[in-house]
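Undergrad:
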Amino acid sequence: MYKINLIRGWKKSEIYRSYRSRWLIIMVSVTVFLLLFYLGLFIRFVLFQKELTTLSNKQYVTETGHEYTTEELTKALYGLKKLDQIKIVYSAYPEYYLYHQFLLNHIYQFDSFIVDNYKLDREHEVEVTLSTSKLDDIYKLINLLESPKVIKYFSLLEIRAINSVIDKKTELVTYKIDFILKFNELLFNEQAKI
């Protein structure tokens, strides 16, 4: 690569120049490849963290089972008529599942009800909004919830409103009931004894 010239000292040959440019291209290529590789790893890490956060947010209840239920659970409960599907979610948390099962069993005795809103907090207070085309079903549900066999499990039962909404296009009347109830410990204690 080098020729020795006693007068001028070291002199770079053409062979060296060609190798130098090849090495330069190789080093730049490796550097660009490593930068892209590490950038890709960083992006994958960020996306993995985002996915992990999303999955943790989708957990319906924390390990202790005493945190608030998430919006995902509320949305999932809107369309659920099969209590077995709720049972899968709450198999690890018997008290939460027990309260949902108890209330939804009573609601879904009436086929006409559609759940518009359903929220359960960590104090076992439930906010429910139901809609139906049959006004009789609303009064039957109220009678059922206020019956001595059922109301003993609530420390609070408050009916906020009963409204009717008329659809302008179809002229169908939809009735809505909005109520709050809070479970006491009696239902859970009775189930624990069994």
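If you want my numbering, it's the 1-based position in the sequence shown plus 929. From the three backbone atoms N, C-alpha and C, an ideal C-beta is built for every residue, glycine too.
If you count every other CB in all the chains shown that lies within 10 Å of the CB of D1050, and 16 or more means buried, which is it?
TA: Position 121 of the sequence shown, counting from 1, holds the residue named residue 1050. Exposed, by the Cβ-count rule.
Undergrad: With 16 as the cutoff for other CB atoms within 10 Å, does I1106 come out buried or exposed?
TA: Against the sequence shown, residue 1106 aligns to sequence position 177. Buried is the call here.
Undergrad: Exposed or buried, what is V975 when buried is set at 16 or more other beta-carbons lying within 10 Å of its beta-carbon?
TA: Here residue 975 refers to the residue found at position 46 when the sequence shown is read from its first residue. Looking at its Cβ environment, which holds fewer than 16 other Cβ atoms inside 10 Å, V975 is exposed.
Undergrad: Counting C-beta neighbours from all protein chains within 10 Å, is the total for T993 16 or more, i.e. buried, or is it exposed?
TA: Within the sequence shown, numbered from 1, the residue matching residue 993 stands at position 64. Bear in mind that a pLDDT of 43 at T993, under 50, signals an unreliable position, so the number given afterwards is only what the model happens to contain. So T993 counts as exposed.
Undergrad: Closest to F1083 by CA distance: which of R973, L1032 and F962 is it?
TA: Translated into the one-based positions of the sequence shown, residue 1083 becomes position 154. When only C-alpha atoms are compared, the closest one is L1032.
Undergrad: What would DSSP say about D1096, mapped onto helix, strand or coil?
TA: Taking the sequence shown and counting its residues from 1, the one referred to as residue 1096 is at position 167. In the structure shown, D1096 sits in coil (DSSP, three-state: anything other than H, G, I, E or B).
Undergrad: So, helix, strand or coil for L953, using DSSP?
TA: Here residue 953 refers to the residue found at position 24 of the sequence shown. Helix.
Undergrad: For N1046 versus T1058, is the C-beta distance shorter than 8 Å?
TA: Taking the sequence shown and counting its residues from 1, the one referred to as residue 1046 is at position 117. Taking the sequence shown and counting its residues from 1, the one referred to as residue 1058 is at position 129. It is a contact, given that the beta carbons lie within the stated cut-off.
Undergrad: Please report the straight-line C-alpha distance between S1060 and I972, rounded to a whole angstrom.
TA: On the sequence shown, position 131 is the one that residue 1060 refers to. On the sequence shown, position 43 is the one that residue 972 refers to. The alpha-carbon atoms of S1060 and I972 are separated by roughly 46 Å.
Undergrad: Skipping 5 residues on each side, what residues in its chain have a beta carbon closer than 8 Å to that of L1116?
TA: Here residue 1116 is taken as the residue at index 187 of the sequence shown, counted from 1. Excluding positions up to five away in sequence, the list reads L1027, Y1028, F1031 and Y1082.
Undergrad: Report, in whole angstroms, the separation of the C-beta atoms of I1067 and Y1037, which I expect to be a contact under 8 Å.
TA: Within the sequence shown, the letter at position 138 stands for residue 1067. Within the sequence shown, the letter at position 108 stands for residue 1037. Not a contact, Cβ separation roughly 14 Å.
Undergrad: Straight-line CA distance for S1076 to Q978?
TA: In the sequence shown, counting from the first residue as 1, residue 1076 sits at position 147. In the sequence shown, counting from the first residue as 1, residue 978 sits at position 49. Rounded to the nearest angstrom, the two C-alpha atoms are 50 Å apart.
Undergrad: For K1069, report the span of its alpha helix (DSSP H) as first-last.
TA: Stepping through the sequence shown from its first residue, residue 1069 is reached at position 140. First-last of the alpha helix (DSSP H) with K1069: L1064 to L1074.
Undergrad: Would you tell me roughly how many angstroms separate the C-alpha atoms of R1089 and E1056, rounded to the nearest one?
TA: Residue 1089 sits at position 160 when you count from the first residue of the sequence shown. Residue 1056 sits at position 127 when you count from the first residue of the sequence shown. Taking the straight line joining both Cα atoms gives about 10 Å.
Undergrad: Out of F1108, V1079 and K1063, which has the shortest C-alpha to C-alpha gap to N1034?
TA: Indexing the sequence shown from 1 puts residue 1034 at position 105. Nearest of F1108, V1079 and K1063 to N1034, Cα basis: V1079.
Undergrad: Which of the three DSSP states, helix, strand or coil, is assigned to Y1082?
TA: Here residue 1082 is taken as the residue at index 153 of the sequence shown, counted from 1. DSSP places Y1082 in coil when its eight states are reduced to three.
Undergrad: What did DSSP end up calling N1046 once you bin it into helix, strand or coil?
TA: Translated into the one-based positions of the sequence shown, residue 1046 becomes position 117. Correct three-state label for N1046: strand.
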